[in-house]
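Step one of this worksheet: look at the structure below.
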Amino acid sequence: EVYFKNLSKQKQKEVMEKNGNNHKLRVCVATCNRADYSKLAPIMFGIKAEPQFFELDVVVLGSHLIDDYGNTYRMIEQDDFDIHTRLHTIVRGEDEAAMVESVGLALVKLPDVLNRLKPDIMIVHGDRFDALALATSAALMNIRILHIEGGEVSGTIDDSIRHAITKLAHYHVCCTRSAEQHLIAMCEDHDRILLAGCPSYDKLLSAKNKDYMSIIRMWLGEDVKTRDYIVALQHPVTTDIKHSIKMFELTLDALISFNKRTLVLFPNVDAGDKEMVRVMRKKGIEHHPNFRAVKHVPFDQFIQLVAHAGCMIGNSSCGVREVGAFGTPVINLGTRQTGRETGENVLHVRDADTQDKILHALQLQFGKQYPCSKIYGDGNAVPRILKFLKSIDLKEPLQKKFCFPPVKDNISQDIDHILETQSALAVDLGGTNLRVAIVSMKGEIVKKYTQLNPKTYEDRLALILKMCVEAASEAVNVNCRILGVGISTGGRVNPREGIVLHSTKLIQEWSSVDLRTPISDALHLPVWVDNDGNCAALAERKFGHGKGIENFVTLITGTGIGGGIVHQHELIHGSSFCAAELGHIVVSLDGPECLCGSQGCIEAYASGIALQREAKKLHDDDLLLVEGMSMKEEEIVSAAHLIQAAKLGNTKAESILRTAGTALGLGIVNILHTVNPSLVILSGVLANHYVNAVKDVINRQALSSVKTVDVVVSNLADPALLGAASLVLDYTTRRIY
Numbered sequence: 008e009v010y011f012k013n014l015s016k017q018k019q020k021e022v023m024e025k026n027g028n029n030h031k032l033r034v035c036v037a038t039c040n041r042a043d044y045s046k047l048a049p050i051m052f053g054i055k056a057e058p059q060f061f062e063l064d065v066v067v068l069g070s071h072l073i074d075d076y077g078n079t080y081r082m083i084e085q086d087d088f089d090i091h092t093r094l095h096t097i098v099r100g101e102d103e104a105a106m107v108e109s110v111g112l113a114l115v116k117l118p119d120v121l122n123r124l125k126p127d128i129m130i131v132h133g134d135r136f137d138a139l140a141l142a143t144s145a146a147l148m149n150i151r152i153l154h155i156e157g158g159e160v161s162g163t164i165d166d167s168i169r170h171a172i173t174k175l176a177h178y179h180v181c182c183t184r185s186a187e188q189h190l191i192a193m194c195e196d197h198d199r200i201l202l203a204g205c206p207s208y209d210k211l212l213s214a215k216n217k218d219y220m221s222i223i224r225m226w227l228g229e230d231v232k233t234r235d236y237i238v239a240l241q242h243p244v245t246t247d248i249k250h251s252i253k254m255f256e257l258t259l260d261a262l263i264s265f266n267k268r269t270l271v272l273f274p275n276v277d278a279g280d281k282e283m284v285r286v287m288r289k290k291g292i293e294h295h296p297n298f299r300a301v302k303h304v305p306f307d308q309f310i311q312l313v314a315h316a317g318c319m320i321g322n323s324s325c326g327v328r329e330v331g332a333f334g335t336p337v338i339n340l341g342t343r344q345t346g347r348e349t350g351e352n353v354l355h356v357r358d359a360d361t362q363d364k365i366l367h368a369l370q371l372q373f374g375k376q377y378p379c380s381k382i383y384g385d386g387n388a389v390p391r392i393l394k395f396l397k398s399i400d401l402k403e404p405l406q407k408k409f410c411f412p413p414v415k416d417n418i419s420q421d422i423d424h425i426l427e428t429q430s431a432l433a434v435d436l437g438g439t440n441l442r443v444a445i446v447s448m449k450g451e452i453v454k455k456y457t458q459l460n461p462k463t464y465e466d467r468l469a470l471i472l473k474m475c476v477e478a479a480s481e482a483v484n485v486n487c488r489i490l491g492v493g494i495s496t497g498g499r500v501n502p503r504e505g506i507v508l509h510s511t512k513l514i515q516e517w518s519s520v521d522l523r524t525p526i527s528d529a530l531h532l533p534v535w536v537d538n539d540g541n542c543a544a545l546a547e548r549k550f551g552h553g554k555g556i557e558n559f560v561t562l563i564t565g566t567g568i569g570g571g572i573v574h575q576h577e578l579i580h581g582s583s584f585c586a587a588e589l590g591h592i593v594v595s596l597d598g599p600e601c602l603c604g605s606q607g608c609i610e611a612y613a614s615g616i617a618l619q620r621e622a623k624k625l626h627d628d629d630l631l632l633v634e635g636m637s638m639k640e641e642e643i644v645s646a647a648h649l650i651q652a653a654k655l656g657n658t659k660a661e662s663i664l665r666t667a668g669t670a671l672g673l674g675i676v677n678i679l680h681t682v683n684p685s686l687v688i689l690s691g692v693l694a695n696h697y698v699n700a701v702k703d704v705i706n707r708q709a710l711s712s713v714k715t716v717d718v719v720v721s722n723l724a725d726p727a728l729l730g731a732a733s734l735v736l737d738y739t740t741r742r743i744y
């Protein structure tokens, strides 16, 4: 609340002056149940914190006012909101007719309330039958409607209700890019759609409660440990009540067999909810030593419970939406959330028809920790929504406009979102420097940060986190939406787990290092990690010469020699993640010693380190410098001096470069004979010096069937960073939920 009080007061003053009047927008927020209040509360705090722009009226109805569901209106009072009107709208009953009668009762009572309040706009959330009554009343009384979370797809009757509210609403706030596209496809006015993210994520991503153990003990008992309990939340499916009751019985049986402490929340007020409660009591859940059955948990405490749970099970939208922010494993049962976008933490059991199937899912998921997901928001939804509300012109005609086909892509409601770019944070861990960049979907490096790579593990990890946090903050200023973090590093990497297994000698204290977990936990973003050679190949596949090529090989010629192999459009990692260590192909049994401990590797001949070694030998023997060259006394001899000497006619330098080029060429011939690519891409600072020598060796040494291979020099300015970004951008754009 303090944050919102201090939010851009001066900037918004200009909006008022532009409008030429001091009219405050009168906003009515209507909340029906505990779930929608968790999404609406952050918006309500934001509105309340800016009284110079808004007047807030709160209407409470639905299950908030029922004792069986915890009298949850009290948490609204505890949040210090004045409740203008309480409407008892729930008709008790156990079938579909009770829901219909509840909608009818709400429609009878709401007109009088809206006539008294006369709001400029009503905010309605989600897909509940109560929300349909609210939207219908407001639409028929010519009150503008802002609908939160439209455009999403799920199972049951909720889909139909949600889309019906969309057609009644004048303005739309959606949480995901696909939801935005669904709204556009439903012919909603592009200019009235805001892609903001889920408001509850504003609280989720900033939730830091050091005393979470007291919350866990309060709800589950003194002897419970983190990651060693389950949260269960299951609702009836109104389109198939009988099957959903049976599935709930099987779930409880599986939980009893699994024998872990479990917090069970009572279901929503829907047809079939009373029967589910009877099933709980029939199985003795309320008195079972392993179970705690509760009607309601305050949202702040619920966040901490799911964040530190070993697993969440059920069919609540909370499981597939909010819980992903913490990487907590989720088991989604049945069809109630079919179509929802989910993170990799969600395991679907679509046809939960046996206890064993659910029990097996518990065994697979319990206790795991997944990368944090930000599919549904980045923690900045409320500022966007407040800005959107202030942009509403009450002088515009009330009648809705529909945008019928053809449908345009990537249109949003204001300049911030038109310019907003899906991007990745790319990290390159080199032997000398540590670099972090914001990279757009088109491969543009928007912003780059460079620091010297620290020598110790602790300092290095701390610097990575510091630079990533700085870059993520800057991304907001340059209108970039960060999808995740990609890390390119030397050594052997397990990309499935995000662990550096063994490092090169160039990077110290960098073996058996878990990079994914600490960075994902700190940034609340998914993290991918891979070897720098593989990243270079990914960069070529997405942005360079390898785009659209089925089989190609990339070699990096720099300080060391690395590479990546793309076969049938996919990167090859190998059974122990050691594929494409191309620098360590042996081309001579008695050649110079390599950093890997072997002899005669390509890297021992053609790397920057190898050329520097030979340059020093020449310099020590006074055979390096020729006419036209000079070196300062304190200047360090490098590979660049060797190349310069060769260009100026130093025959010994020429011979060394010729040998290096031949060694690289022989290694590439071996690659051609092994994987038979159609393209070889040379990347790195030495690529231009080697390309002709490599082509000559292929013409002399390769089998005739592979001599036609194309050998090209990469045109990418920064393949390491672009490759790290590709880890993120390829995954997020190819993913099928």
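Residue 8 is where the sequence shown starts when you use this note's numbering, and the numbers rise one by one after that. Even for Gly, the Cβ is constructed at its ideal location relative to N, Cα and C.
Extent of the continuous beta strand (DSSP E) run through residue i
i    : result
K454 : I452 to L459
D435 : T428 to L436
G350 : Segment: none, G350 is in no beta strand (DSSP E) and carries neither H nor E.
A444 : N440 to S447
G493 : C487 to T496
I563 : F559 to T564
L630 : L630 -> no beta strand (DSSP E), and no H or E assigned at all.
For residue i, three-class secondary structure by DSSP
i    : result
C325 : helix
H355 : strand
A140 : helix
R268 : strand
S799 : For residue 799 there is no data in the structure shown, the boundaries of the chain being 8 and 744.
G569 : strand
V337 : strand
Q575 : coil
N538 : strand
Y612 : helix
Y818 : Nothing about residue 818 can be reported from this structure: the residues present for the chain run from 8 to 744 only.
L514 : The displayed chain sequence assigns Ile, not Leu, to residue 514. Coil.
V67  : strand
I425 : Note that I425 has pLDDT 44, beneath the 50 cutoff, so the model's placement of it is unreliable and the number below is only indicative. If DSSP states are grouped into helix, strand and coil, I425 belongs with the helices.
V701 : helix
R33  : strand
M148 : coil
Q59  : coil
N501 : strand
K25  : The predicted model places K25 with a pLDDT of 49, which falls under 50 and marks its position as unreliable; any figure quoted below should be read in that light. In this structure, K25 counts as helix in the three-state DSSP scheme.
Selected residue, minimal CA-CA separation from residue i, among the options
i    : options                   : result
A444 : Q429, L312, C475 and V701 : C475
H91  : I338, V66 and L401        : V66
I83  : D43, A113 and N122        : D43
I144 : S167, E156, I155 and G111 : Note that residue 144 is Ser in the sequence shown, not Ile. Minimum Cα distance to S144 is reached at G111.
P206 : L393, S595, K46 and R41   : K46
M220 : A214, K210 and T233       : T233
K449 : T349, S527, G730 and K55  : G730
S4   : I155, A278 and K55        : Outside the shown range of the chain, which is 8 to 744, sits residue 4, and nothing can be said about it.
A700 : N440, A667, N722 and T715 : A667
S519 : N541, L532 and T496       : T496
R268 : F306, K253 and L312       : L312
Cβ-based neighbour list, residue i, same chain, cut-off 7 Å, excluding 5 preceding and 5 following
i    : result
T463 : E516
A478 : L432, V443, I445, K454 and Y456
Y738 : W535
Residues of its chain near residue i, where Cβ-Cβ distance is below 6 Å and the 5 sequence neighbours each way are ignored
i    : result
G498 : V507, H509, S510 and T511
A529 : L472
G331 : G350, N352 and S380
H574 : N558
I128 : V34, R151 and L153
Spatial neighbours of residue i in its chain, beta-carbon cut-off 8 Å, leaving aside the 5 residues before and after
i    : result
E187 : G158, C181, I200, L202 and S419
Boundaries of the alpha helix (DSSP H) in which residue i is found, first to last residue
i    : result
V120 : E103 to L124
F395 : A388 to K397
K369 : According to the sequence displayed, residue 369 carries Leu and not Lys. Counting along the chain, the alpha helix (DSSP H) containing L369 begins and ends at Q362 to Q372.
Any C-beta of chain D under 9 Å from that of residue i
i    : result
M474 : The structure shown contains no chain D; it holds only a single protein chain.
### Query
Is the stretch 708-724 close to the stretch 578-592, with three or more CB pairs under 8 Å?
no
### Query
Per the contact definition of three or more C-beta pairs closer than 8 Å, is the stretch 188-197 in contact with the stretch 165-176?
yes
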